[in-house]
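Line by line, the protein sequences are chains A and B.
Mapping the first sequence onto the numbering used here, position 84 (from 1) lands on 84, and the numbers just tick up by one.
Mapping the second sequence onto the numbering used here, position 339 (from 1) lands on 462, and the numbers just tick up by one.
No residue lacks a Cβ here, since even glycine has one placed at the ideal position from N, Cα and C.
Every value quoted in this text rests on a predicted model; they were computed, and no experiment measured them.
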Amino acid sequence: MTDSSYQASMGKAEQRSQGELVQGTLDMLILKTLTRGALHGYGIAQLIQQVSDEVLRVEEGSLYPALHRLELDGVIDSEWGQSANNRRAKYYKLTPLGRKQLAKEASNWSRLAQAIARVMEMA
Amino acid sequence: MNKFLKRLRHRRQLDRDLEDELRFHLEMGSEETGDLRTARRRIGNVTAVKEACREMWAFSSLETWWMDIRHAFRTLRNSRAVTAVAIVALGLGIGADTAVYTIVNGALSFNAGIKDADRVFMVSARDTLGRNVLSRSDPSARNFRSQVGAVMNLAAYRYRVVNVIDKNGLPDRYTCALMSANGFSVIGRRPIIGRNFEAVDEQPGATPIVMLTNHVWQDRYAKSPSIIGQVIRVDEVPRVVVGVMPAGMRFPEDIDIWVPLAANSVGDDDPVMFGRLTDGITLPAARNRLDMIAKRLTEKDPSTFKGLEVNVRPVLMIYGVYASRPIFWVLLCAVGFVLLIACANVANLLLARSAVRSREISVRIAIGAGRARIIRQLLIESIVLSVAGGVLGWVLALCGLHGFDSSIMTKPPWLDLSMNTNVFVYLAAISVTTGILFGLAPALQLAKVDIINAIKNGGHGAFGGARGRHLSGVLVVFEMALCVMLLIGAGLMIRSALNLYGTPIGVNTADVLVLRIGLPEAKYPRPDDVVAFHRRLKTQIDSLPGVEEMAVTSNLPLGNSMEVTPEVEGAPPVEQGRLPRLGALVVSRDYFRTLQIPSRRGRFFSPADEASQSAVVIVNNSFAAKFWPGVDPVGKRLRVVKERVPQPWLTVIGVVPDVHQDYQRPLENDPLIYMPYALETQRAMFIIVRSRIQPEKLANAFRKEVQSLDENLPVYDVSTLGDRMAHQRLDVAVVVALFTIFAAIALLLASVGLYAVIAHSVSQRTREIGLRMAVGGTARDIVWLIFAQGIRQIVVGLSFGLAGAIALARVLRADLVGVSPSDPITCLAVVLVLILAGAIGCAVPARRAAHVDPVVALRCD
């Protein structure tokens, strides 16, 4: 149920443009971003965009459902705090479980990326 | 789980937080780009994002389901008329379906109290002469029996009707099985109190005993455990009650008591053999083994086992439930059709309402409801509707079954009208399935609604259009076609019934009382005793006031006949065992006068014939026509061959018209012989009395006369001949009644369906009609316009229906009497009925169309 609605919120195939996230990687990116410390949703989206030199753009329509799901899964935690411009904002941070999950996903990802690279570099 | 409940309690807080979180995001975005609208565009439909987040909270799904259900109730309440019509239509369909399913389910799960009934079989092994080899007692037959015993555990029973006398009430007539001691272990049941039959009970000289069925124990002995050990008299033999069998255990057939077989094995009928397959053997394997045994024996000993054939039939066959199976399926199909018509009808109603709802739906889509969610919402609505229909259907089914129960007098043993779990599962399943079935098309249609147009036009024209109307039309055609098939089925059954009831039986059934007396062998050992008893009874009865005539017979009209193999003198010789099997009745001399059967030729039996036991016989018209065509049969001779032994010649003294004996084939008259009662006396015979007063009033006087001759004789099966005749044809009457009810419901639903569609299209075409009138169209043109639409649908539905009916009516063939499955008169009548119903369905909307005021119509919105 969570999975299918997540995919549905990733948007229709014909709308997929350059820089759209590979399915299933959004979770990993969110977790990675949060290793820098607590952040609000807007900050997470901005950070991903900046670090990736504007290549990866997170659709807000899928960001928030993903955050809520991760929170329910217990890999991130949230609390309300003050933003830099003194507004009430919801900050997310990694839980110990989240760190473990990230480590697993990161190693999976690097294995997958290397494998794809090897195939693509085939002479 | 705890977390979940906590969230459920604080869900309003969570909602507010989500709101805040998203607002913060928008503010940050607009600050950065300096433009709220760009930020909004980037985030997309905020409601949809919220909805997606809420879905992440596990309870949201629960909550939305609940919301959808509440919304469904609101919507249905708001359109009361549509809801009511839909629920009634569904209730009728589901009710009829559930009622028939209850009967079918009861019949199919009937097992007569036999454990693992599918492993118990009736077994017969007959040679070419039709002799039962299994029950013979010579050594080779015993050898055969022991070989068969390796495949199945064999037991035997013989059927008797007995008089039971005890201190607990009036003498009563019971059906009794003489059963071998292992019979109950083959059935797989043990007595609930007392002991089982044991092998010693079969030995000569053993104490006579009796086993009771649960219903006899309950009705006659009020479930008293002290009945065990008491003595009751069964056909004048004192027997000790040794046990009571569990409730519902009735084998064979409608049995009341059992006694051990060997204790009373005199009698000329073969015992019936039955057996349970040995563990681990499948039926085909068992059949193979039995065939092999038979073949080996025939080869080894051709004189004793000539053409031996072993026949194995399921035990439940004897209860008649197998024979009724085809008609079950036909009825189940018929009610299935009714339900489909109801579905199509409701689908049409919902389609018509779609036009009104398209605006609501469009708004909901526009503010962020997903299409899947819309479809779900609409399906929930239709399921709520169909479940309500199911509840009504359940009530209707209960009423219907109650009515059915009280309208049939003789119930077959397998008839079980109680609703068990199976029935409720079926009811729930069809309720939900019909909801999805009729809801899907309108839901898909609505979810595809063109939002922009719907909102702009306030609902008019956005939906429906050509495609919606086309779908409605198809549904109506479908309804009409199913309805035609049901009507034709009903028509054929009605024609059959008319043929059945319209054919004269050949006797005057009015004012005749029928009853039975069985004379026990212990008290009336010789045939002469029986004859003497009947003669004394006749003298007494004939002198009763109001009695015109009394006679004795072995079979009643429509009550089948005994089977004999007659041989006509002078006919070319026929090989043994190939003589035709024909019907015969044993009657006393007044039989023909009592039933007012006239004489065609010659004379009836005379008192002198009866007194001197003269060798005379009377034949019916068909017999005379078959064996002596164009010749006067009086004076010719025939004889009956019994077990290869020809009996003395009998001289034909008279010919009588045909009387129907075989009620299953009422249009055919079979050759029949009437044998004089004095020659072929039987112990249990029908007594028929023609009275000058109401026959029921004679019954008590009659009982008194019998008791004065023998106070221990029960008089049973008392009824009038007219009632009995009606009973014999009851199954046909029931099928006809059911079919007619189903077809009537179908016709009603289909014509309401047609009406609804035409009326809806008139309301949608108001403007067009106004325009037509404004440019000079007359009321007649408009009426014709509306009728043309209806007639097109009727004609298409009719042609599909007729084609389907002709293809399907063949399954009814076995139940039809004197009418072909493609009977043109029935088809014509159905066409007329349907056109009439359709015309009524069209007339109301057409009238309304003709009264459209062009000024108002053109001004509307």
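Assignment of residue 368/B by DSSP, reduced to helix, strand and coil, places it in the coil class. In its chain, beyond the 5 residues on either side, 221, 224, 225, 228 have a beta carbon closer than 8 Å to the beta carbon of residue 546/B.
At a cut-off of 8 Å between C-beta atoms, residue 214/B does not count as an interface residue with respect to chain A. In the structure shown, residue 859/B falls within a helical segment according to DSSP collapsed to helix, strand and coil. The beta carbon of residue 508/B lies closer than 6 Å to those of 209 in the same chain, with the five residues before and after it left out. Under the Cβ distance rule, residue 570/B does not count among the residues neighbouring chain A, no pair being separated by less than 8 Å. For the pair of segments examined, the region 764–773 of chain B was found not to touch the region 712–721 of chain B: the number of CB pairs separated by less than 8 Å stays below three. A check of alpha carbon separations from residue 203/B across 948/B, 476/B, 777/B, 335/B identifies 476/B as the nearest.
With a threshold of 8 Å between beta carbons, residue 54/A makes no contact with chain B. Only residues of its own chain outside the window of five on either side were considered, and among them 467 have a CB closer than 6 Å to the CB of residue 601/B, listed in chain order.
Residue 721/B is positioned such that its CB atom lies closer than 8 Å to that of residue 780/B. Chain B places a beta carbon closer than 8 Å to that of residue 65/A, counting this residue as a contact. Taking a C-beta distance under 8 Å as the contact criterion, residue 561/B and residue 397/B do not qualify as a contact pair.
Interface annotation, residue 111/A: not in contact with chain B, CB-CB separation never under 8 Å. Within the region 835–862 of chain B, no residue has its Cβ closer than 8 Å to any Cβ of chain A. Between residue 140/B and chain A, the shortest Cβ-Cβ separation is below 8 Å. Its Cα nearest to that of residue 565/B, the residue 470/B stands out among 688/B, 734/B, 470/B. Residue 635/B holds the alpha-carbon nearest to the alpha-carbon of residue 816/B among 635/B, 363/B, 322/B, 442/B. Closest in alpha carbon position to residue 610/B, among 539/B, 929/B, 964/B, is 929/B. Taking a Cβ-Cβ threshold of 8 Å, the residues of chain B close to residue 42/A are 147, 148, 151, 152, in chain order.
Check the Cα spacing between residue 684/B and each of 672/B, 691/B, 671/B, 708/B: the tightest is with 708/B.
In this chain, the beta strand (DSSP E) harbouring residue 840/B covers 838–843. Annotation: residue 104/A has no Cβ neighbours in chain B at a cutoff of 7 Å; minimum Cβ distance is about 22 Å. Interface with chain A (8 Å Cβ-Cβ cutoff): residue 143/B is included.
Not one beta carbon of chain B lies nearer than 8 Å to the beta carbon of residue 32/A.
For residue 87/A, the C-beta contacts it makes with chain B under 9 Å involve 147, 150, 151, in order along the chain.
Exclusion of the five residues before and after residue 689/B leaves 702, 703, 705, 707, 761, 762, 763, 764, 796 as the residues of its chain whose Cβ lies within less than 8 Å of its Cβ.
Proximity to residue 375/B across 908/B, 327/B, 438/B peaks at 438/B, based on C-alpha coordinates. When DSSP assignments are scanned along the region 854–920 of chain B, the uninterrupted stretches of alpha helix (DSSP H) that are 4 or more residues long and fall wholly within it turn out to be 889–897. In the three-state scheme derived from DSSP, where H, G and I count as helix and E and B as strand, residue 93/A is classed as strand. Where residue 689/B is concerned, there is no enclosing alpha helix (DSSP H), although the beta strand (DSSP E) around it starts and stops at 689–691. Listed in chain order, the non-local C-beta contacts of residue 170/B below 7 Å within the same chain comprise 490, 491, local neighbours out to five positions each way being set aside. Rounded to the nearest whole angstrom, the C-alpha separation of residue 42/A and residue 30/A is 12 Å.
Contacts with chain B at 8 Å (Cβ-Cβ) do not include residue 93/A. In this structure, the CA atom of residue 942/B is about 7 Å from the CA atom of residue 615/B. Taking a cut-off of 8 Å for Cβ pairs, the region 360–372 of chain B and the region 417–426 of chain B do not touch, as fewer than three such pairs fall below it.
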